[in-house]
Amino acid sequence: MTRPPLDDRRRGLPKPQFGLVFLFLAISLVGGVFAATRYFGAYGCFAALLGLLCVAAHVIGNAWGTQLRQSGNLPVDKDGVPIPPARQQERPLNQGDFAPTTRLSRRRALGMTVTVATATGILIGISFAIYFFFTSESTDTTWEDFGVGVLGFGILGGVWAFLGTSFLYVTWGAIRQATQESTK
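With my numbering, the residue at position 13 of the sequence shown is 119, and numbering never jumps.
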């Protein structure tokens with residue numbers, strides 16, 4: 107089956123343009139970060155900066171998504187000029203117009219590997235808690251502190267081990283599928 111040539115070339119996002127206003131805003135932001143460091147300390151500044159970065163990423167992503175959605179809804183001609191609705195031709199979609207379904211769309215258990223890695227992460231976390239408890243030079247720690255430390259380190263070790271191994275497991279499966287399909 108021969109695929110039809112792609113007849114729909116869309117313009118991407120415009121090139122970013124930075125002017126004097128952006129420069130002043132960036133300098134003001136850096137000055138605000140320095141002032142926050144002086145007033146709140148390093149941790150307060152880090153928290154404020156993280157919050158600002160999250161808000162900025164959200165706003166920028168929303169703006170990009172809006173531009174891409176607007177440019178994606180308009181078909182363009184060979185020169186990249188949008189075609190008015192009166193001249194648009196509708197053609198039926200063929201199976202070749204869509205990408206094949208990947209294995210990532212199927213739900214399945216992650217397997218025994220992730221379970222063993224999570225249990226190992228819990229044990230490593232508990233061993234760190236035991237090590238830190240007995241090597242600390244503090245004399246006012248109690249067995250309740252030890253129990254909370256073991257519980258907390260065990261949970262953190264298990265969560266990080268699960269996240270890491272499940273991410274690697276899914277990534278490895280996607281890479282394996284992509285390399286198998288590219289050789290066919």
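Note that beta-carbon positions come from the ideal geometry of N, C-alpha and C, so glycine has one too.
Local Cβ density within 10 Å of residue i, reported as buried at 16 or more and exposed below that
{"i": "F259", "result": "buried"}
{"i": "A163", "result": "exposed"}
{"i": "T248", "result": "exposed"}
{"i": "T172", "result": "exposed"}
{"i": "I232", "result": "buried"}
Distance CB(residue i)-CB(residue j) smaller than 8 Å
{"i": "Y275", "j": "V222", "result": "no"}
{"i": "G263", "j": "I230", "result": "yes"}
{"i": "V182", "j": "P190", "result": "no"}
{"i": "T208", "j": "Q286", "result": "no"}
{"i": "L210", "j": "A280", "result": "yes"}
{"i": "V139", "j": "C151", "result": "yes"}
Given residue i as reference, the closest of the options once Cα atoms are compared
{"i": "L269", "options": "V182, G227 and T143", "result": "G227"}
{"i": "A169", "options": "P122, C151, L135 and V127", "result": "P122"}
{"i": "L257", "options": "I166, F234 and I133", "result": "F234"}
{"i": "G217", "options": "D203, F273 and E196", "result": "F273"}
{"i": "D251", "options": "I261, V265 and I236", "result": "I236"}
{"i": "G253", "options": "T277, F239, G167 and G157", "result": "F239"}
Distance between beta carbons of residue j and residue i, contact taken as under 8 Å
{"i": "A142", "j": "A132", "result": "That pair is no contact at about 16 Å."}
In chain order, what are the residue ranges of uninterrupted alpha helix (DSSP H) at least 4 long that sit wholly in the region 154-220? Considered as a whole, the region 154-220 harbours no complete run of any alpha helix (DSSP H) with no fewer than 4 residues.
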